[in-house]
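Presented below is the structure to which this report refers.
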Amino acid sequence: KQNGRHGYTLFNHALRCNQADQLALEAELRHALSNGGELVPYYQAIVDSHSGRLAGFETLVRWHHPELGMIAPGVFLPMAEESGLILKLDRYMIERACAQLAQWYADGTITHEVCLHINLSSAHFHDTKLVDWMLRLIQQHQLPPGTLHLEVTESALIDVPDVAIEVMRQLKTHGICLALDDFGTGYSALSYLHRYHFDVLKIDQAFVREVHCQEESIAIVRAIVALAEALGMDVVAEGVETEVQVRALRELGCPRLQGYYFARPAPAAELDWLRLAGM
Ligand code: C2E
Ligand code: CA
Ligand code: CA
Ligand code: CA
611 KQNGRHGYTL FNHALRCNQA DQLALEAELR HALSNGGELV PYYQAIVDSH
661 SGRLAGFETL VRWHHPELGM IAPGVFLPMA EESGLILKLD RYMIERACAQ
711 LAQWYADGTI THEVCLHINL SSAHFHDTKL VDWMLRLIQQ HQLPPGTLHL
761 EVTESALIDV PDVAIEVMRQ LKTHGICLAL DDFGTGYSAL SYLHRYHFDV
811 LKIDQAFVRE VHCQEESIAI VRAIVALAEA LGMDVVAEGV ETEVQVRALR
861 ELGCPRLQGY YFARPAPAAE LDWLRLAGM
């Protein structure tokens with residue numbers, strides 16, 4: 611069932627599409643969350659575009675289902691969102707990632723400060739206990755709060771309740787960073803940037819794909835980099851796959867890069883540290 615080391619099972623509508631199957635999957639995810647083990651954090655490097663140095667990691671969830679093999683987040687996250695299990699899932703991922711980062715520091719695997727990017731569903735915006743929980747976790751692992759970057763997608767910011775704004779404000783007050791994911795693809799209103807004080811913009815792969823050859827993409831990336839610079843934000847270009855894209859993004863002054871060209875997401879044990887050290 612495993613189609614290659616990082617491949618996903620052909621898990622599609624033909625396999626499990628009806629409501630009963632969805633409910634079964636939900637029960638299985640609930641089970642996986644209380645047992646641990648099946649849900650595995652994968653890590654993908656984020657690289658400094660000038661020095662080529664490792665700048666951080668993004669944590670991406672994978673579900674190693676005992677029968678179905680590896681299931682991609684795109685398949686089970688909608689169900690996790692709908693059922694509310696996403697709250698538990700994200701917290702589980704944050705805990706694992708923080709523990710992992712602390713261990714890498716402790717055993718000398720990482721010697722300079724790198725940031726840890728974690729995807730956070732907008733469901734947490736209603737969770738007023740999130741901030742205290744995160745602060746305790748950071749303290750427990752003795753991580754500088756600035757290493758944590760919470761990624762929220764642009765589309766999550768439509769019609770956000772006041773409590774969400776308060777949660778984000780508090781996170782920022784305590785030094786935790788916010789990154790705006792998939793920038794440019796959602797219902798982009800520039801007022802978001804100002805209102806929530808994002809630290810990082812992540813340029814969606816849609817604009818990166820043709821950044822070496824298509825004038826519109828070049829103009830958009832150039833504009834995003836200039837905007838971010840003016841507002842004091844960092845920029846990560848996502849989905850960088852080829853050398854020509856790397857060159858184009860460097861020329862446009864994009865400070866950070868992430869994508870298969872540098873490293874594919876991998877579980878902690880399979881990270882290629884020799885290569886990462888050279889980054
Ligand atoms: P995202 O946050 O935009 O993550 C980037 C996606 O692009 C990831 O897909 C990553 O594996 C993939 N990717 C990275 N580099 C390249 C590249 O060079 N080329 C191409 N074609 N793809 C690349 P993935 O891991 O399947 O995750 C899909 C989405 O699921 C993520 O999109 C994120 O929104 C969500 N997600 C993943 N893990 C979590 C999690 O723990 N919690 C939450 N709430 N959402 C998560
Ligand atoms: Ca992300
Ligand atoms: Ca993204
Ligand atoms: Ca995305």
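Note that full-length UniProt numbering has the sequence shown beginning at 611, numbered continuously upward.
Where is the CB? At the ideal position from N, CA and C, for every residue including glycine.
Nearest neighbour of residue i, chosen from the options [CA to CA]
i, options, result
"F793", "H641, E668 and V818", "V818"
"L837", "E692, K812 and A816", "K812"
"C787", "L800, L697 and L760", "L760"
"A690", "A637, G662, T721 and A712", "A637"
"E668", "N645, I704 and Q750", "I704"
"S827", "L841, F808, Q855 and A655", "Q855"
"Y871", "S659, R779, G646 and V810", "S659"
"P683", "I775, E648, E764 and A630", "E648"
"Q824", "I720, E851, L643 and A858", "A858"
"S661", "P877, G863 and H784", "G863"
"H742", "R701, L726 and H641", "Checking the sequence shown, residue 742 turns out to be Asp, not His. Comparing Cα positions, the closest option is R701."
"L678", "G646, C708 and L635", "L635"
"R640", "L800, E692, E851 and I656", "E692"
"L753", "G888, W714, T763 and E776", "W714"
"E861", "R832, G869, L881 and A878", "R832"
"A878", "Q750, E764 and A707", "A707"
"L740", "Q780, P755, A709 and I830", "Q780"
First through last residue of the alpha helix (DSSP H) which encompasses residue i
i, result
"I720", "Counting along the chain, I720 falls outside any alpha helix (DSSP H), and DSSP gives it neither H nor E."
"H641", "Q629 to N645"
"E861", "E853 to E861"
"A655", "Where A655 is concerned, there is no enclosing alpha helix (DSSP H), although the beta strand (DSSP E) it sits in stretches over L649 to D658."
"F872", "Per DSSP, F872 belongs to no alpha helix (DSSP H) and is neither H nor E."
"H675", "That residue, H675, is in no alpha helix (DSSP H); its beta strand (DSSP E) goes L664 to H675."
"R832", "E825 to A840"
"A887", "W883 to G888"
Separation of residue j from residue i, as counted between CA atoms
i, j, result
"W883", "G666", "13 angstroms"
"A873", "L886", "8 angstroms"
"A716", "L867", "26 angstroms"
"G718", "L711", "11 angstroms"
"N729", "L670", "8 angstroms"
"L723", "N628", "Inspection of the sequence shows that residue 723 is occupied by Glu rather than by Leu. C-alpha separation (whole angstroms): 47 angstroms."
"I720", "R663", "12 angstroms"
"L745", "G785", "10 angstroms"
"L687", "A766", "14 angstroms"
"I775", "H804", "12 angstroms"
"I656", "I748", "21 angstroms"
"A642", "Q654", "23 angstroms"
"L800", "V770", "15 angstroms"
"A630", "G646", "24 angstroms"
"T763", "G888", "31 angstroms"
"H822", "L633", "45 angstroms"
"A624", "V685", "Here the model assigns A624 a pLDDT of 45, short of 50, so the residue's position is not dependable, and the following value carries that caveat. Rounded to the nearest angstrom, the two C-alpha atoms are 13 angstroms apart."
"G796", "D772", "20 angstroms"
"E880", "A829", "37 angstroms"
Test: residue i CB closer than 7 angstroms to a CB of chain C
i, result
"D700", "Protein chain content of the structure displayed is limited to a single chain, and chain C is not contained in it."
Residue interval of the beta strand (DSSP E) (run including residue i)
i, result
"K812", "V810 to I813"
"D844", "D844 to A847"
"L788", "C787 to F793"
"G756", "Careful: G756 lies outside any beta strand (DSSP E) and carries neither H nor E."
"H734", "Element bounds for H734: n/a, residue is neither H nor E."
"I768", "From DSSP, I768 is part of no beta strand (DSSP E); its letter is neither H nor E."
"G679", "G679 to I681"
Own chain partners of residue i with C-beta closer than 8 angstroms, once the 5 adjacent residues on each side are dropped
i, result
"E697", "The question names Glu, but residue 697 in the sequence shown is Leu. So the qualifying residues of the chain are S731, A733, H734 and D737."
"E853", "Y871"
"P676", "E648"
Own chain residues within Cβ distance below 7 angstroms of residue i, not counting five before or after
i, result
"R672", "V650, Y652 and M680"
"residue 554", "Given that the chain is displayed from residue 611 to residue 889, the structure contains no residue 554 and the question cannot be resolved."
"E820", "S827"
"Q674", "At residue 674 the sequence reads His, which differs from the Gln that was named. These residues qualify, in order along the chain: E648, V650 and M680."
"L841", "L803"
"M843", "F808, D809, V810 and L811"
"Q815", "E848 and G849"
"E851", "G869, Y870 and Y871"
"P875", "Y652, Y653, Q654 and L670"
"M778", "L788 and Y806"
Residues near residue i in its chain [Cβ-Cβ closer than 6 angstroms; skip 5 each side]
i, result
"residue 605", "Any property of residue 605 remains undetermined from this structure, which presents the chain solely from 611 to 889."
"T757", "C725 and L726"
"R615", "No answer about R615 holds up, because its pLDDT of 46 lies below 50 and its placement is not dependable."
(Q) Which residues neighbour ligand 2 when neighbourhood means a C-beta less than 6 angstroms away from any of its non-hydrogen atoms? List them by chain order. (A) Cβ atoms closer than 6 angstroms to ligand 2 belong to E668, N729, E761 and D791.
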